[in-house]
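Residue numbers (the working numbering), protein chains in the order written: chain A, 214 to 951; chain B, 49 to 161.
Cβ coordinates follow ideal geometry from the N, Cα and C atoms, glycine included.
Following: one structure in structure tokens, then a few remarks.
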């Protein structure tokens, strides 16, 4: 090493001497050392004129002297192994100080299997958690509604005790305030959203991105609390097996089959066919209230997708989905006297087609133009006791996005137009309602980056709604890296949402309460702001992180669903006064040993709404929630296990008519624990998994109030605060051909 | 419930304890691996061979470093196992039937990496 330095010094000296007779360009190559917080010389960097093969190398001071070129201006290249090659346009002979940057290090192919099951980025200014397939496999995960069991950010709960409809909660607010997307296309809108979470099978998913806050303007104006984007497995992804089969069964009689087949036709075209089917026959009434604990259900779900790469400029995708789902629940036997039986029957039929057409410019990687098309037809027919609700919804969606940079990659922008057509024909107890939304819109999003330290995304969106005229939704996201391991993120944004009273609140039909609309309901508007702190560390090669999220949502207008004010009605009215949600979440992730890790999270959701003059916590939202998860595997990955314990705090209840058998309903539910456990054994050609959900067999004893008299006033199946189903024992097999 | 937890803790302890008493040796074998899928395939299938503790294939050198229990297996058996997966192992040629089953990027003629 010493002699090399010596030789270099001689070379530089020699060049310096020779340069006395011929003009030469001198300079210094440096890099910014993050650890030492100072500029350090880069020794041995290659410096040469573009198009030539001779040049020089920088000495131990980082200095170099390069013979002047034949003519100026000329391009000088600085290259060094492990660093980004720099090219500088030299216009005149003057001292050049050049700062070079390390290349983004490519992770080794040998991806450590122990960590990274939920990835929190240090680059993305948006507060996005990336839930990988590995995380999804930790729970039984039959469909999207069960994919959040180890995730503290999103809660999933049954909306009522009879229909089987599930709802997510994000930042304390219902799922209707977050946007569900599949591959960045808004989906499950309107009536499709009622059961939408159960229409996306687990094995089809490649990953889920959960973004807190209003999100990007590209996806529309609706998301208030967040965006959940589902990525499906892709036909041209070599990591996806060519054939996959999953067979799953549960003690309660639920059986499920998932299979897909992937085929690459040639360098340009590839396709995939995914099939899902599940069947459950009803037979359980553990709480003895005369109602089936879970509705019997059957679903068939098909998805065929194609991907085309022209090899040069065109990237395109298209696909078609078909779904048919039926649920039957309610009372097991008719009342001997009245001969009436409370039944619930819900049928969903859906056809969806989508296409993406993108134009890329290989010489200009920052420039692209994309088009998204989507069309869907959805039919929902539901009977809940004596109440009938039917809807037919037709959707058409188009989005065109052009993206490019201004000068350099520090300034990027995305500009585009969108068009939404939504036609919903609803009938509630034979009373028809027609809703039509025609919304063209345009948006502009600008991203500013300063090295890796600071990034800002500012977006504005203007839509013209056929009924509500101009809708302006601005969004701002940013991040600041105090260090590589300590990141601060902030977001602020406005949202706009047109409510569908029946579809948004279909579970209100599972009670004898009258639905009362005293006025025309206005669109829901809200502001959401939040900050996130992420601190990462590494102890003995074991990674860990702590994130703190603080979010506030303030409604300017909201459709208040009031079950407090009148015990025999559900009142729907426009917000008068305040409605807000303050959400604080702490999440700790720590890899413990080579193949073990833990997650600990605690969340506070303070959701207060002005109900006719009285500020109350929103019903059925736990103010406190905690989650603990431990996962591990043997060294050869042949055995994997997962254990999760969730603590759900007290929730406010609104039933005020007492139950004929059990008396007065308390104002608050008790807090409780739920435990889940799963073990997976890897064999040479297949995988076996099995586990238990709700290990402690904790159940809400009386989920249905006045179940003995479902047609009387006082019947209420909406006060579901805990699990209705007790312990679930399941097992399954996964087989794949790579 | 308590019984389940105790059984699991016992099982996990046994796994760790038994691994301490093995006689570990290492062998480096040259293979005809080409792409990521070859690496995954070789490492995955080898992990099910008796006596093999772990394996790591370097795609640049195509050499797989195998840690094994010399009381349960030996270098020759490991080479044979690799040929059964469909790859050459040092001077030992791949089993033709297994070679046919390999994905496209793992076959010699393919330029797909």
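- The beta carbon of residue 103 of chain B sits no closer than 7 Å to any beta carbon of chain A.
- The three-state reading of DSSP puts residue 498 of chain A in coil, since its state is none of H, G, I, E or B.
- Runs of the beta strand (DSSP E) lying entirely within the region 796-856 of chain A, each at least 3 residues long, are 809-824, 827-830 and 837-846 in chain order.
- Within the region 652-663 of chain A, no residue has a Cβ lying closer than 7 Å to any Cβ of chain B.
- With 16 or more other CB atoms across the displayed protein chains lying within 10 angstroms of its CB, residue 512 of chain A is buried.
- Under the Cβ distance rule, residue 54 of chain B does not count among the residues neighbouring chain A, no pair being separated by less than 7 Å.
- Under the Cβ criterion of 7 Å, residue 58 of chain B is not counted among the residues facing chain A.
- No Cβ-Cβ contact shorter than 7 Å links residue 378 of chain A with residue 591 of chain A.
- Closest by C-alpha distance to residue 453 of chain A, out of A:283, A:442 and A:477, is A:477.
- In this structure, DSSP gives residue 412 of chain A a helical state, which the three-state scheme calls helix.
- Cβ neighbours of residue 740 of chain A within its own chain (closer than 6 Å, five residues either side excluded): 707 and 767.
- Leaving aside the five residues that flank residue 424 of chain A on each side, the residues in its chain whose CB is nearer than 6 Å to its CB run, in chain order, 339, 341, 439 and 440.
- Along the length of the region 518-600 of chain A, whole alpha helix (DSSP H) runs at least 4 residues long do not occur.
- For residue 121 of chain B, no alpha helix (DSSP H) segment is defined, and its DSSP state is neither H nor E.
- By the C-beta density criterion, residue 877 of chain A is exposed, having fewer than 16 other C-beta atoms within 10 angstroms.
- Counting only runs of 3 or more residues that sit fully inside the region 633-716 of chain A, the beta strand (DSSP E) segments are 644-663, 667-678, 682-696 and 699-710, in chain order.
- Beta bridge pairing from DSSP links residue 787 of chain A with A:772.
- Taking residue 578 of chain A as reference, the option from A:780, A:281, A:301 and A:622 with the minimal CA-CA separation is A:622.
- Note: residue 624 of chain A is bridge-paired with A:661 in the DSSP secondary-structure output.
- In the three-state DSSP reduction, residue 98 of chain B falls in the coil class, being neither helix nor strand.
- Secondary structure of residue 315 of chain A (DSSP, three-state): strand.
- Residue 868 of chain A is positioned such that its CB atom lies no closer than 7 Å to that of residue 913 of chain A.
- Judged by DSSP in its simplified three-state form, residue 260 of chain A adopts strand.
- For residue 942 of chain A, the closest C-alpha among the options A:916, A:890, A:487 and A:380 is that of A:890.
- Among the residues of the region 892-906 of chain A, those with a Cβ less than 8 Å away from any Cβ of chain B are 896 and 897, in the order of the chain.
- The alpha-carbon separation between residue 830 of chain A and residue 817 of chain A amounts to approximately 12 Å.
- Flagged as an interface residue toward chain A: residue 95 of chain B, by a C-beta distance shorter than 7 Å.
- With a contact defined as Cβ atoms closer than 8 Å, residue 363 of chain A and residue 348 of chain A qualify at about 6 Å.
- In the three-state reduction of the DSSP assignment, residue 377 of chain A falls in the coil class.
- The three-state reading of DSSP puts residue 293 of chain A in coil, since its state is none of H, G, I, E or B.
- With a threshold of 7 Å between beta carbons, residue 849 of chain A makes contact with chain B.
- Take the alpha-carbon of residue 718 of chain A and the one of residue 376 of chain A: they are about 12 Å apart.
- In this structure, the CA atom of residue 814 of chain A is about 44 Å from the CA atom of residue 642 of chain A.
- Within 10 angstroms of the beta-carbon of residue 109 of chain B lie fewer than 16 other beta-carbons, which makes it exposed.
- Here the region 843-862 of chain A makes contact with the region 91-110 of chain B; the two share three or more CB pairs at distances below 8 Å.
- A residue is called buried once 16 or more other Cβ atoms fall within 10 Å of its Cβ, and residue 298 of chain A, having fewer, is exposed.
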